[in-house]
Amino acid sequence: MNINSNASQAINPSNGWVIQAENLTKVYKMGQVQVHALNGLSLKIARGEIVAIMGPSGSGKSTLMNIIGCLDRPTSGEYFLDGEPVSRLTDDQLATIRNHKVGFVFQSFNLLSRATALANVELPIRYSGAVSGRKDKARSALESVGLADRIHHRPNELSGGQQQRVAIARALVNDPAIILADEPTGNLDTKSGQEIMELLLNLNREHGTTLIIVTHAADIAAHSQRIIRIRDGVVEEAA
Amino acid sequence: MNIWQAVLDAFESLAANKLRAGLTILGIVIGVAAVIAMVSVGRGAQATITDSINGIGTNLVFVFRGGSEDVRNPKPITLGDAEAIADPFQAPSVVAVAPVIQDNGRVTFGRERTTTNITGVTPDYAQVRRYSLTEGEFINQEEMLGQASVVLLGSDVADKLFGRQNGLVGETVRIEGQPFRVIGVLQSKGGSNFSNADNQVLIPFSTAQARLIRHSTTDQVDLLLVEATSPQAVPAASDEVAQILRSRHRTAIGADDFTILTQQDFLSTASTITNVLTIFLGGVAAISLLVGGIGIMNIMLVSVTERTREIGLRKAVGAHKVDIMIQFLAESSVLSLIGGVIGIILGYAIAFAVAQIAKANNAIITPSIGIDITLIATFFSTAVGLFFGLYPANRAASLEPVEALRYE
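In order, the protein sequence lines correspond to chains C and B. Using this note's numbering, the letters of the first sequence map in sequence onto residues 1 to 239. Using this note's numbering, the letters of the second sequence map in sequence onto residues 240 to 647.
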C-alpha cells in the first residue's frame with residue numbers, strides 16, 4: 001500500500017501517470033449492513049503500461065474496475081484519470097470522460113445485437129457528438145482488428161472471437177487513454193483467446209494505449225508487465 | 240446524438256419487434272380514429288342541422304302560446320292575434336302571417352295507412368315556408384273559405400300510401416275516416432329536415448278547425464309563422480309581434496304569456512346541443528386515446544427492462560442521461576405518431592362510412608375534414624406518446640451503468 005502522506009501534492013497531470021488513485025474507499029449499503037469493498041486503496045499506472053489486476057471474488061476487484069472505468073465514484077479518496085479529477089464529477093461529466101478516455105472490453109462482448117459491426121463501433125463516436133467522418137473512423141477501427149470484410153455483419157453472424165474484435169474496435173475508436181478489459185478471453189476458446197490477447201498487446205505496442213486487464217487467469221496475466229493483486233479492498237503486492 | 244439519428248434508431252429497434260410495435264400502435268390508432276370519426280361526424284351533423292334550420296327560411300319568426308313557467312293561465316293565440324299582426328300599420332316589419340293548427344292523425348288510402356302530422360294552414364303558408372309542389376296546386380282562398388275537403392300530401396306520406404309522388408292529384412284519401420281529395424304533393428325538403436316537413440299533410444285551416452282539430456277556445460291557433468320583410472328586420476318584427484300580443488293579451492310587464500322564437504334562436508339551441516354532443520363523443524373517444532397511451536407506457540417499460548444491459552453499455556461508452564431519454568422518447572413518439580397518422584386516415588374512413596349509412600337511411604351527413612382537428616389529433620397523439628414515454632425513458636436514463644451492465 002502506498003503510504004505517501006503528501007499524495008495530493010504528488011498528483012500532477014503532467015507527470016506521466018495515466019491513473020493515480022489515492023486512498024480509495026467504497027462502501028455499499030446492503031440493507032442494514034455496510035460492505036467495505038475498497039479500504040483505502042492506492043495505485044498508479046503509467047501511460048503505455050500493460051497491467052493485470054487479479055484477485056479472488058469479493059476482493060473488491062470489480063469495484064476497483066468500475067471506479068477506474070469511471071462507471072462509479074469512490075465513497076472517499078482521490079482518483080485522477082489522465083489528469084481529470086474523476087471523484088468530483090457529475091454523472092454526465094463521467095459519461096463524457098468514459099467516452100473520450102476509456103475503452104471497455106467486456107467478458108460477454110456487450111454488442112448491440114440489432115446493429116451491424118460498423119454501427120456498434122460507431123456508437124462511442126455518436127455519443128461524442130462528432131458528425132462527420134464517423135463511418136470512416138469506425139471502418140478503420142474495424143480494419144485494425146482485422147474485420148474489414150465483416151463490417152456489415154450483425155453480432156449473431158460472427159464468431160465469439162470476431163465479436164470480441166468488434167468490441168475491441170469499439171473500445172479504441174475514440175482513441176482512449178486506457179483500454180479496460182474485464183476477463184476479455186473468459187467467454188472464448190483458447191485459440192481465439194490467444195488471438196484476442198495478441199490483438200490487445202499489438203494495440204499497446206503500436207499505439208501505446210494503456211492496457212488494464214482484469215482477469216482470473218494466470219496465463220493472461222502473464223502477458224502483462226505488472227500484476228496488481230487485490231485482496232480485501234487493498235493492493236496486496238505489486239510485482 | 241441528434242434527434243434525426245434517434246428517430247432512425249427508434250424505427251430500427253421498433254422493427255425488431257414488429258408485432259409488439261404493431262399492437263401498441265393499434266391502441267393509438269383506435270383512439271385517434273375514434274376522436275376523428277366522432278368529431279367529424281358530429282360536425283357534419285351540426286352542419287346538416289344548421290342547413291335544415293336555414294331551410295326553414297331566414298326571415299321567419301315563430302310565435303307559441305305560453306311564456307315562462309311562472310306565468311299562469313296563458314291566453315291562447317287566436318286568429319284575431321294573427322290578423323292584428325298582419326296589419327301593416329301595427330307591424331310594418333311583417334310581410335305575412337300564417338296561423339297553423341296541428342295534430343297527429345291517421346291517413347288511409349285503401350288498405351295503406353300511416354299516422355302523420357295533420358297541419359291546418361292558410362294560403363299564406365306556402366309563401367312563408369317556401370314550399371314548392373311536385374304537382375298540383377297549393378290551397379287557395381276559396382278552398383279556405385269553403386272549408387273544402389282537400390289535402391296536400393308530404394312526400395313521405397305520398398310514398399307510404401301510394402308508393403309514388405306523382406299522378407296523385409284527384410285521388411281520395413281518408414283522414415280520421417273523412418274523405419279528402421288530393422290537390423297536390425309537396426316537394427321533399429330533405430329527410431333530416433326540422434319538424435318533419437316531409438311527413439305531414441296540409442289541409443285548409445278552416446277545414447281543420449271545423450272538422451278535425453278541436454280546441455276549447457274557438458279560433459285558437461297552435462303556432463303563428465310570421466315572415467319579416469328581410470333577415471335584418473327579424474328583430475324588429477319580433478318586437479312588433481311582442482308589442483301587439485302584450486296589448487291584446489293585457490299581460491303584466493315582464494310576464495309574457497307567449498314565446499317568440501326566431502331562426503337565430505333555433506340555430507343557437509341546435510348548435511349548443513350538437514356541440515355538447517360532439518364534445519361528449521369526442522371525450523369518450525379521447526378516453527380510448529388515453530388507454531392507447533397507457534399501452535405505449537406499458538410496452539416502453541417492458542422495453543426498458545429488456546434492454547437494461549444495452550442501456551448500461553450505451554452509458555459505458557459515453558451516452559449522457561439525455562441521450563438515453565431521447566432514445567426512448569423517440570421510440571414512444573414514433574409509435575404514437577405512426578398510430579396518429581393511421582388513426583386520422585382510419586377516422587375519416589369511418590366518418591365517411593357513417594355518412595354512407597346515414598345516407599342510406601335518408602339522413603344526409605357530410606363529415607367535415609377539419610385541418611384543426613387533424614392537427615389537434617396529431618399533436619395529442621404525439622403528446623400522449625411523449626407523456627407516457629417520459630416515465631419509462633426517465634427510468635432508463637436513471638439506471639446506474641454499473642448495475643445495468645450487471646443486469647441479467
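We put the beta carbon where it would ideally sit given N, CA and C, even for glycine.
Enclosing beta strand (DSSP E) for residue i [first to last residue]
i	result
Ala-21 of chain C	17-30
Leu-340 of chain B	In the sequence on display, residue 340 of chain B carries Ile and not Leu. Start and end: 333-348.
Gln-34 of chain C	33-46
Glu-374 of chain B	372-375
Pro-474 of chain B	First-last for Pro-474 of chain B: 473-488, but that is the alpha helix (DSSP H), not the beta strand (DSSP E).
Phe-301 of chain B	299-304
Gly-186 of chain C	Element bounds for Gly-186 of chain C: n/a, residue is neither H nor E.
Glu-322 of chain B	Careful: Glu-322 of chain B lies outside any beta strand (DSSP E), inside the alpha helix (DSSP H) at 318-325.
Arg-352 of chain B	351-360
Leu-211 of chain C	210-214
8 Å Cβ cutoff, residue i in contact with chain C
i	result
Gln-566 of chain B	no
Gly-557 of chain B	yes
Glu-549 of chain B	yes
Ser-542 of chain B	no
Asn-633 of chain B	no
Val-573 of chain B	no
Val-641 of chain B	yes
Asp-290 of chain B	no
Ser-252 of chain B	yes
Ala-272 of chain B	no
Asp-611 of chain B	no
Lys-257 of chain B	no
Lys-598 of chain B	no
Gln-244 of chain B	yes
Phe-627 of chain B	no
Unbroken alpha helix (DSSP H) run spanning residue i, endpoints
i	result
Thr-263 of chain B	257-294
Asn-240 of chain C	The first residue shown for chain C is 1 and the last is 239, placing residue 240 of chain C beyond what the model contains.
Gln-366 of chain B	363-368
Pro-56 of chain C	No alpha helix (DSSP H) contains Pro-56 of chain C, which DSSP labels as neither H nor E.
His-100 of chain C	91-101
Ser-76 of chain C	Where Ser-76 of chain C is concerned, there is no enclosing alpha helix (DSSP H), although the beta strand (DSSP E) it sits in stretches over 76-81.
Phe-497 of chain B	Note, Phe-497 of chain B: premise wrong, no alpha helix (DSSP H); beta strand (DSSP E) at 497-501.
Val-396 of chain B	394-401
Gly-628 of chain B	610-636
Arg-453 of chain B	Unbroken run through Arg-453 of chain B: none, as it is neither H nor E.
Nearest-angstrom Cβ-Cβ length linking residue i and residue j, presumed shorter than 8 Å
i	j	result
Ile-67 of chain C	Pro-74 of chain C	5 Å
Gln-459 of chain B	Pro-313 of chain B	Not a contact, Cβ separation roughly 12 Å.
Val-300 of chain B	Ala-467 of chain B	6 Å
Ile-357 of chain B	Gln-341 of chain B	6 Å
Thr-263 of chain B	Gln-502 of chain B	Not quite, the Cβ-Cβ distance comes to about 49 Å (not below 8 Å), so this is no contact.
Val-412 of chain B	Leu-400 of chain B	6 Å
Contact check, residue i vs residue j, beta carbons under 8 Å
i	j	result
Gly-55 of chain C	Arg-165 of chain C	no
Val-390 of chain B	Ile-414 of chain B	yes
Phe-626 of chain B	Gly-532 of chain B	yes
Phe-106 of chain C	Ala-167 of chain C	yes
Gly-579 of chain B	Pro-640 of chain B	no
Ile-612 of chain B	Ile-275 of chain B	yes
Leu-484 of chain B	Asp-320 of chain B	yes
Ile-279 of chain B	Ala-590 of chain B	It should be pointed out that residue 279 of chain B corresponds to Ser in this sequence rather than to Ile. Taking 8 Å as the Cβ cut-off, Ser-279 of chain B and Ala-590 of chain B qualify as a contacting pair.
Ser-332 of chain B	Ala-481 of chain B	no
Ile-151 of chain C	Thr-116 of chain C	yes
Arg-420 of chain B	Gly-409 of chain B	yes
Ile-53 of chain C	Thr-210 of chain C	no
Short CB-CB distance (under 8 Å) between residue i and chain E
i	result
Leu-552 of chain B	The structure shown has no chain E; the protein chains it does contain are C and B.
8 Å Cβ cutoff, residue i in contact with chain B
i	result
Leu-112 of chain C	yes
Asn-202 of chain C	no
Leu-81 of chain C	no
Tyr-127 of chain C	yes
Asn-66 of chain C	yes
Asp-175 of chain C	no
Thr-210 of chain C	no
Asn-99 of chain C	yes
Arg-88 of chain C	no
Leu-71 of chain C	yes
Thr-96 of chain C	yes
Arg-139 of chain C	no
Pro-124 of chain C	yes
Asp-136 of chain C	no
Arg-170 of chain C	yes
My parser needs the alpha helix (DSSP H) runs of 4 or more residues fully inside the stretch 509-574 of chain B; what are they? 547-555
In chain order, what are the residue ranges of uninterrupted beta strand (DSSP E) at least 3 long that sit wholly in the stretch 401-431 of chain B? 411-414 and 417-425
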